[in-house]
Amino acid sequence: MTTPCEEMPPKKIPVHLPELVKTAFNRACASGDVNFYPTQVALLTVNSLPFQLRFSPSLANKPRNPLPPPPISAPPAAPAAPAQKKFFNPFESPLKSMLVATTPTHTVVLNKFAIVPEHFILATTEFKPQTHLLEAEDLEAAWGCIEAYHAKEKEGEEGELYVFFNSGPHSGASQPHRHLQLLPVSRMRDGLEAERIEWNVLANSLAEEETRRRLPFQTFTRRIPPPAPFSRGAQLRGIYLELYREACCAGGVEAKEQTEGEAKISYNLALTKRAMVLVPRVAEGGPVFEGAGEEGKKTVGKVALNGTVLAGTALVKTQEEWDALRKDPGQLGRVLGGIGVPWVEGEGKAQGFGREGGSLL
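Numbering of the sequence shown is given in the UniProt record's numbering, commencing with residue 1 and proceeding in unit increments.
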């Protein structure tokens, strides 16, 4: 007979997940276990698309992952192979105050370094590589989170959830343990109260060809269909693999038969109730210059972009970057133009990942 502590976790994401996240976030902030970084926000326009630009000077002092001290031992007789760095894994044994919910396959934890309130993470219970293709159970769990938030709409509250995944060296990924990140859209709007009508999650509109073409990089998108008679996770994974293969093809990378293992490209994935979007990445970001343009100008910083770019947001950490981008929003457009696979006019050809491009599917 099992005790309550030995009981198996529930098989699915709890339906009251939004309340659990909110309560855990408030408690963890009060105890200091979560570092919340307030931001200033401005709304910039890139090719008629509204982008949030957020500024958090405190984030520049965000601590790095601590590394264990080197062992004390006698010098080896022969040169030893260089030791691999061991990264701190925040998902291996999360603090109780950071833990929101568990299932047999995934753990829901708070993001320790949050610029959006109630930012939380869906991590695999067992270690799985961030650079490997997502599995059906990853997408099933993410969809369970989305449904739990959308249930709030029945109570008259905004219940949209934005899910994103960073994979590969150019994607903004920072942890090798597989995890998806989740942001309540109502909290992404904090500070934009006067402009709420003007900004919406970009991913939801990328199913429209006209909107996709306004971005200076290619994205691959599907609308979310009605639930299939089989597993929702399997249905979503089928869509995900289609998008992944199209993205690979756009860069001249062959992936027609791949269904598992290491991804062949860096990419970001976005998932909402309405759409799934995948963007192949060739760079994490780009420099910011003082004043307009770049010729003869001083470099004042860099914009690094992760999967929130598909929501229509960007983050800077210094006053110089903040001032330069607000003064010349075209610089954000230039940075965006360097992070993905550019559009090439004529016959649906893509430029590729620095090589001759392949045709789009």
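Using N, Cα and C, we set each Cβ at its ideal position, and we do this for glycine too.
The structure displayed is predicted, hence computed values, not measured ones.
Nearest-angstrom Cα separation, counted from residue j out to residue i
i: residue 297; j: residue 319; result: 17 Å
i: residue 188; j: residue 126; result: 30 Å
i: residue 256; j: residue 171; result: 22 Å
i: residue 76; j: residue 87; result: In this predicted model, residue 76 has a pLDDT of only 47, less than 50, meaning its place in the structure is not dependable; the value taken from the coordinates is given anyway. About 24 Å.
i: residue 242; j: residue 312; result: 23 Å
i: residue 116; j: residue 307; result: 14 Å
i: residue 22; j: residue 343; result: 41 Å
i: residue 13; j: residue 174; result: 25 Å
i: residue 58; j: residue 39; result: 9 Å
i: residue 184; j: residue 114; result: 12 Å
i: residue 136; j: residue 235; result: 8 Å
i: residue 191; j: residue 51; result: 14 Å
i: residue 26; j: residue 15; result: 19 Å
i: residue 142; j: residue 273; result: 10 Å
i: residue 367; j: residue 134; result: The chain is shown only over 1 to 361; residue 367 falls outside these bounds and no answer can be derived.
i: residue 193; j: residue 259; result: 43 Å
i: residue 94; j: residue 181; result: 16 Å
i: residue 139; j: residue 103; result: 14 Å
i: residue 262; j: residue 279; result: 17 Å
i: residue 89; j: residue 44; result: 36 Å
i: residue 331; j: residue 289; result: 8 Å
i: residue 284; j: residue 304; result: 5 Å
i: residue 159; j: residue 11; result: 23 Å
i: residue 99; j: residue 176; result: 19 Å
i: residue 146; j: residue 152; result: 11 Å
i: residue 149; j: residue 275; result: 16 Å
i: residue 20; j: residue 130; result: 26 Å
Opposing strand residues paired with residue i [DSSP bridges]
i: residue 229; result: None, per the DSSP bridge assignment.
i: residue 212; result: Paired residue(s): none; residue 212 is not in a bridge.
i: residue 221; result: 277
i: residue 167; result: 267
i: residue 161; result: 184
Helix, strand or coil at residue i according to DSSP, with G and I counted as helix
i: residue 239; result: helix
i: residue 111; result: coil
i: residue 184; result: strand
i: residue 177; result: strand
i: residue 189; result: coil
i: residue 150; result: helix
i: residue 250; result: helix
i: residue 101; result: strand
i: residue 26; result: helix
i: residue 93; result: coil
i: residue 19; result: helix
i: residue 277; result: strand
i: residue 13; result: coil
i: residue 133; result: coil
i: residue 266; result: strand
i: residue 202; result: helix
i: residue 255; result: coil
i: residue 368; result: The chain is shown only over 1 to 361; residue 368 falls outside these bounds and no answer can be derived.
Exposure label - residue i; buried when at least 16 CB within 10 Å
i: residue 368; result: Because residue 368 is not part of the residues shown, which for the chain are 1 to 361, the question remains open.
i: residue 254; result: exposed
i: residue 18; result: buried
i: residue 30; result: exposed
i: residue 223; result: exposed
i: residue 230; result: exposed
i: residue 315; result: buried
i: residue 119; result: buried
i: residue 221; result: buried
i: residue 219; result: buried
i: residue 213; result: exposed
i: residue 32; result: exposed
i: residue 250; result: buried
i: residue 107; result: buried
i: residue 383; result: The shown model of the chain, from 1 to 361, leaves out residue 383, and the question about it has no answer.
i: residue 48; result: exposed
i: residue 299; result: exposed
i: residue 327; result: exposed
Cβ-heavy atom distance, residue i to the ligand ATP, below 7 Å
i: residue 98; result: This structure does not include the ligand ATP; it has no bound ligands of any sort.
8 Å Cβ cutoff, residue i in contact with chain C
i: residue 315; result: In the displayed structure, chain C is absent; only one protein chain is listed.
(request) May I have a chain-ordered list of the beta strand (DSSP E) segments no shorter than 3 residues that lie completely inside the stretch 281–330? (result) 285–289, 299–304, 313–316
(message) Please give the ranges of any beta strand (DSSP E) in the stretch 32–58, keeping only runs that are unbroken, at least 3 residues long and fully inside the region.
(response) 40–46, 49–55
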